[in-house]
Amino acid sequence: MLMNSAVLADYGRIESRRTPLPAVAEDELLVRVLATGICGSDLATFRGAHPYKTAPTVLGHELCGTVERAAGGFAAGDLVCAAAYSHCGSCAMCRQGRTNLCGDKRNLCHLGWDGSFAEYVTLRPNMAFKLPAGTEPVLGALVEPLSIAVHAVNLAGPAQGRTLRVIGAGNIGLGCLIAARRLGYGRVICSDLGPEKGLRATALGADGYLDVLADGAGAAGAASEADVVMVASSHPGAVDEAVRAVRPGGTVVVVSFFDRPPTVAVNALVGKEVQVVGSSLSTAEDFRAVISWLAEGTIDPMPMVTHRFDLSDADAAMRLMAAGEPATGKIIITPRGDA
Numbered sequence: 058m059l060m061n062s063a064v065l066a067d068y069g070r071i072e073s074r075r076t077p078l079p080a081v082a083e084d085e086l087l088v089r090v091l092a093t094g095i096c097g098s099d100l101a102t103f104r105g106a107h108p109y110k111t112a113p114t115v116l117g118h119e120l121c122g123t124v125e126r127a128a129g130g131f132a133a134g135d136l137v138c139a140a141a142y143s144h145c146g147s148c149a150m151c152r153q154g155r156t157n158l159c160g161d162k163r164n165l166c167h168l169g170w171d172g173s174f175a176e177y178v179t180l181r182p183n184m185a186f187k188l189p190a191g192t193e194p195v196l197g198a199l200v201e202p203l204s205i206a207v208h209a210v211n212l213a214g215p216a217q218g219r220t221l222r223v224i225g226a227g228n229i230g231l232g233c234l235i236a237a238r239r240l241g242y243g244r245v246i247c248s249d250l251g252p253e254k255g256l257r258a259t260a261l262g263a264d265g266y267l268d269v270l271a272d273g274a275g276a277a278g279a280a281s282e283a284d285v286v287m288v289a290s291s292h293p294g295a296v297d298e299a300v301r302a303v304r305p306g307g308t309v310v311v312v313s314f315f316d317r318p319p320t321v322a323v324n325a326l327v328g329k330e331v332q333v334v335g336s337s338l339s340t341a342e343d344f345r346a347v348i349s350w351l352a353e354g355t356i357d358p359m360p361m362v363t364h365r366f367d368l369s370d371a372d373a374a375m376r377l378m379a380a381g382e383p384a385t386g387k388i389i390i391t392p393r394g395d396a
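Quick note, the sequence shown lines up with residues 58 to 396 if you use the numbering used here.
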């Protein structure tokens, strides 16, 4: 049996192909993909800049789908989302529940494990999470990137009464905004380039937006120092910007990856006694939090989504993301037009 797939045939080129259904091991799920998002790591792989994912492969790990072949406590027909990796379950980090730091995890879109830019994908049960029946598939596809943001914001400690600044109003930055609002931060400010990103940030609950291109942008309320600053941008000066923006004794959480080493004014960091924390991926606890918030209706991440493409147009979707236009937010691919 064949299915439709969007194959990264070579760097900078995605082709629509008819490919065999993936082989499914006895302890694996076969999932029919309903919606899948494009992540920054997909773009890095497309450009040939990812540290370990290479062409040819099928990209995609932000997904929502229905179980076609059951395993591991899941039933056929279950609606699921998934982490980007399957952890080993036995190493020291896994035993502590810190599965994101597993040293023996396997990743989608790597070593022959094709991702979700296809009609079907295989998953291991320990990376899959059941969604409430009737969940909008696009919302289901947003759970994984939102879990990354929840994990990062939680690393900064208690939220109540504190102020938070998010540097970078892309998809992970907006996810940090959503998480910070839901977790109870008193004030959340976002900063980025241009007014379009500010409109999305405001729609998602930001108290202010700092357009770093605009004159007098500090009038948006972002001039004061924040208790916590999230670095969700990979421009070389982002960490320095965060150190300037955080209060003495505050916390900087770095959730973005950098193509080249960023500049860091270490003396300023030391002088302000800033705590700098790195954030990597997410855990089951983070997934459960996002899923419960969606079920409660206490978050609405839909303003993140600006474009939807059919699977056959995956190359155009990726090129749109690569263009980096400020009006482009989260891009969703729908393999069968289900979402």
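We put the beta carbon where it would ideally sit given N, CA and C, even for glycine.
Quick caveat, the model's predicted, so the values are computed rather than measured.
1) Going by DSSP, what residue range makes up the alpha helix (DSSP H) through L203?
2) Name the one or two DSSP bridge partners that C247 has.
3) Grab the span of the alpha helix (DSSP H) containing A141 for me, first residue to last.
4) Helix, strand or coil for R345? Go by DSSP, reduced to three states.
5) For T391 and P194, what's the separation of their Cα atoms in angstroms?
6) T320: buried (16+ other C-beta within 10 angstroms of its C-beta) or exposed?
7) Within 10 Å of its beta-carbon, does V323 have 16 or more other beta-carbons around it, so buried, or fewer, so exposed?
8) Measure the Cβ-Cβ separation of A302 and E330 and say whether it is below 9 Å.
9) In the DSSP assignment, find the alpha helix (DSSP H) that holds F103 and state where it starts and stops.
10) Please name the residue, chosen from P77, A82, M184 and L100, that lies closest to A380 on a Cα-to-Cα basis.
11) Give a yes or no on whether the C-beta atoms belonging to T102 and T111 are separated by under 9 Å.
12) In angstroms with no decimal places, state the Cα-to-Cα distance between R89 and Q332.
13) Tell me which residues share the same chain as G241 and place their Cβ nearer than 6 Å to its Cβ, disregarding the 5 neighbours each side in the sequence.
14) What is the residue span of the beta strand (DSSP E) that R126 lies within?
15) Please report the distance separating the alpha-carbon of A82 from that of L212.
16) Please return the same chain residues whose Cβ sits closer than 6 Å to the Cβ of S204, not counting the five positions on each side in sequence.
17) Looking at the unbroken beta strand (DSSP E) that takes in R74, where does it start and where does it end?
18) I'd like to check one pair, G97 with G197: are the Cβ atoms closer than 9 Å?
19) Checking 9 Å against the spacing of the C-beta atoms, do R222 and I246 come in under that value?
20) In angstroms with no decimal places, state the Cα-to-Cα distance between K387 and M184.
21) Are the beta-carbon atoms of V311 and V296 separated by less than 9 Å?
22) Specify, as a first and last residue, the run of the beta strand (DSSP E) that A236 falls within.
23) Using three-state DSSP, classify M60 as helix, strand or coil.
24) Tell me which same chain residues have a C-beta within less than 8 Å of the C-beta of P113, skipping the five on either side of it?
25) Checking 9 Å against the spacing of the C-beta atoms, do P108 and A260 come in under that value?
26) With distances taken from CA atoms, which of A237, L199, L231 and E353 is nearest G214?
27) Would you please state the rounded distance, in angstroms, between the beta carbons of I78 and M58? I believe it to be under 8 Å.
28) Taking the alpha-carbon of A271 as reference, which of S248, R152 and V288 has the nearest alpha-carbon?
29) Mind checking which residues open and close the alpha helix (DSSP H) that includes T259?
30) Less than 9 Å separating the beta-carbons of M287 and G354?
31) Do you know offhand how far G172's Cα is from D372's?
32) What does DSSP give as the partner residues of I389 in its beta bridges?
33) Tell me whether A190 sits in a helix, a strand or coil according to DSSP, three-state version.
34) Which first and last residues belong to the alpha helix (DSSP H) in which M378 is found?
35) Can you tell me whether DSSP reads T320 as helix, strand or coil?
In brief:
1) P194 to N211
2) V223 and Y266
3) It is not in any alpha helix (DSSP H) - A141 carries neither H nor E in the DSSP assignment.
4) helix
5) 9 Å
6) exposed
7) exposed
8) no
9) G97 to R104
10) L100
11) yes
12) 43 Å
13) A216 and Q217
14) E119 to R126
15) 36 Å
16) S339, D343, F344 and V347
17) R70 to P77
18) no
19) yes
20) 22 Å
21) yes
22) Not the beta strand (DSSP E): A236 falls in the alpha helix (DSSP H), residues N228 to L240.
23) strand
24) V64, L65, A66 and D67
25) no
26) A237
27) At residue 78 the sequence reads Leu, which differs from the Ile that was named. Rounded, the Cβ-Cβ distance is 5 Å, consistent with contact.
28) S248
29) P252 to A260
30) no
31) 15 Å
32) G94 and R365
33) coil
34) A371 to A380
35) coil
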